[in-house]
Amino acid sequence: MIALPKNFETYPEARKAGFLRMKALKDQGQRVVGVFCSFVPTELIYAAGAIPIGLCAFTEEPIPAAEAHLPRNLCPLIKASYGFALTDTCPYFYFSDFIIGETTCDGKRKMFELLDEIKPTYVMQLPPSKVAPHALESWKAEMVRLRRQLEEFYGIEITDEAIREAIRRKNHERDVMLRFMELGKLNPAALSGYEIGTRLDASAFSFDLEERCNEIEARTREVLESWEKNVKGTESRRPRLLVTGCPNTGVRDKIIKAVEEMGADVVCFDACNGLRDKLRKVDETKPVMDALAEKYLDITCSVMSPNPQRLTDIGDMIDQYEVDGVIEIILQACHTYNIEAYEVKRYVTEQKGKAYLCLETDYSQADKGQIATRLGAFLEML
Ligand code: BJ8
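So in this note's numbering the end of the sequence shown lands on 382, straight run, no missing numbers.
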């Protein structure tokens, strides 16, 4: 694996380091809203003077507690997120004033009913398809409903100007994150995929958009300068991989780190903590609620049916990042990604002529050895 810089903070370390910062902010009266999904328009939360904090859980610790209420055969992300809330062991859940859920997959939408018994959970009704009649109008109505919910909860008025400013700040953040991820286009690779993913996830715990952007921009410049000086013009035989599928934070060590330690470079991610949300920005020229509805209906998650744009995006990434093979990560019992995996495999192998490996897993370490064997065999094919 390409060496990590000194003082590199792992995701659990960054998450833990954020606890005290979050407490200090709460003590100063900071508004905080918990979210679980890329479909939630964080611009509205910022416009309400609040901080959105991602609550998706990525560790197996709270899962046994969650299984007292939820079926065992459920996605680990859902069980772990609920388990943290149930056992009151996630400070970010504790500090959230309320939670915004969404009707994406069946597991999450039903879990939110139970979560509401622990902390008020407001659920956005996401249309199941972008092409369904009235999908855009209905999603815009949900944006308006959320705006009202935030106004009523905090007893404030959210102006169009405040939303426009939040859109501008978030678009800038998307640009900054995209430029960092585009370092993956450099060949030979400039940094590890492990670092790309960890740094993007971990930066969320700074809670300050501008500070977060500055840190990522500084690292982008540093990596680029070092690559120009030390790596440019050299040759590498390491296979270049794209990782796609479910959120990968909870399995990053046993898949992404493992495959890079075996001699490959993960150069890009089609995932919610990767390029997926960053490729298309909110249109700053349109009325704010229309612009938000359009942007947040256009996310290429497998819960959308049909979802052809995801394949097009994967195809573009394969070309632009000079990818040799694709690894798809399926969290156990995630039916939408699991079913869509068939289309992804067909597209990657038949249309793009690239190798494809699908790994279905959960947050436990039980399959670590088996995954390593399959990754090794995959790399031998490349
Ligand atoms: S926009 S990827 S964050 S829904 S919870 S769907 S893994 S069974 S997380 Fe997601 Fe929003 Fe889509 Fe992104 Fe499957 Fe698990 Fe459901 Fe999941």
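Idealized CB from N, CA, C, for every residue including glycine.
Kindly list the residues whose CB is nearer than 8 Å to the CB of residue i, restricted to its own chain and excluding five residues on each side of it in sequence; keep chain order.
i      : result
THR312 : none
LEU4   : SER192, TYR194 and GLU195
MET143 : PRO41, LEU44, MET289, LEU292, ALA293 and TYR296
GLU215 : SER203 and SER206
Enumerate in chain order the residues of its own chain whose CB-to-CB distance from residue i is below 6 Å, with the five nearest sequence positions on each side excluded.
i      : result
TYR347 : LEU311
ARG147 : LEU44 and ILE158
LYS278 : ARG174, MET177 and LEU178
THR198 : TYR11
ILE78  : GLY107, LYS108 and MET111
PHE378 : LEU357
TYR46  : ALA166
SER236 : PRO188
ILE99  : GLY34, LYS119 and THR121
GLN309 : THR300
What is the rounded straight-line gap between the Cα of residue i and the Cα of residue j?
i      : j      : result
GLU157 : LYS286 : 21 Å
ASP253 : ARG212 : 24 Å
PRO306 : ASN338 : 14 Å
PHE205 : ILE196 : 15 Å
GLN125 : HIS134 : 13 Å
GLU9   : ASP201 : 11 Å
SER364 : LYS130 : 35 Å
VAL33  : PRO120 : 11 Å
ASN230 : ILE318 : 25 Å
ASP88  : LEU357 : 37 Å
LEU70  : LYS232 : 51 Å
ALA189 : PRO247 : 23 Å
VAL344 : ASP316 : 13 Å
GLU61  : PHE39  : 27 Å
GLU260 : VAL267 : 10 Å
ASN7   : GLU113 : 41 Å
LEU115 : LEU297 : 25 Å
ILE299 : SER203 : 22 Å
MET304 : CYS272 : 14 Å
PRO127 : LYS140 : 11 Å
LEU242 : GLU182 : 13 Å
TYR94  : GLU117 : 14 Å
ARG240 : MET262 : 12 Å
ILE314 : GLY155 : 43 Å
ARG31  : GLU152 : 13 Å
VAL123 : ALA372 : 39 Å
ARG238 : ARG219 : 23 Å
ALA162 : LEU224 : 35 Å
GLU210 : PRO52  : 14 Å
HIS172 : ALA68  : 43 Å
For residue i, which beta-bridge partners are listed by DSSP?
i      : result
VAL243 : PHE269 and ILE327
GLY54  : VAL35
GLY101 : VAL123
LEU357 : ILE327
How should residue i be labelled, buried or exposed, when 16 other C-beta atoms within 10 angstroms of its C-beta is the threshold for buried?
i      : result
ALA85  : buried
GLY245 : buried
VAL251 : buried
MET381 : exposed
ARG395 : This structure gives no information on residue 395, because the portion of the chain shown stretches from 1 to 382.
THR234 : exposed
THR104 : buried
LEU275 : buried
TYR92  : buried
ASP27  : exposed
GLU383 : Given a span of 1 to 382 for the chain in the structure shown, any question on residue 383 remains unanswerable.
GLU340 : buried
TYR342 : exposed
MET83  : Looking at the sequence itself, residue 83 is Gly, so the reference to Met does not match. The residue in question, GLY83, is buried, as its Cβ has 16 or more Cβ neighbours within 10 Å.
GLU328 : buried
GLU386 : Outside the shown range of the chain, which is 1 to 382, sits residue 386, and nothing can be said about it.
By Cβ distance, which residues of its chain are closer than 7 Å to residue i, with the 5 residues on each side in sequence left out?
i      : result
CYS75  : GLY107, LEU331, GLN332, ALA333 and CYS334
LYS354 : ILE318, VAL323, ASP324, GLY325, VAL326 and VAL348
ASP367 : THR361
SER81  : PHE36, LEU55, CYS56 and ALA57
GLU217 : VAL176
Taking only heavy atoms of the ligand GTP into account, decide whether any of them is closer than 6 Å to the Cβ of residue i.
i      : result
LEU146 : In the structure on display, the ligand GTP does not appear, and the ligands it does have are the ligand BJ8.
Any C-beta of chain D sitting closer than 7 Å to the C-beta of residue i?
i      : result
ARG174 : Note that chain D does not occur in the displayed structure, where there is just one protein chain.
Residues whose Cβ lies closer than 6 Å to any heavy atom of the ligand BJ8, in chain order: Answer in sequence order: CYS37, SER38, PHE39, CYS75, LEU77, ILE78, THR104, CYS105, GLY107, LYS108, CYS246, PRO247, CYS272, ILE299, CYS301, VAL303, LEU331, CYS334, THR336 and TYR337.
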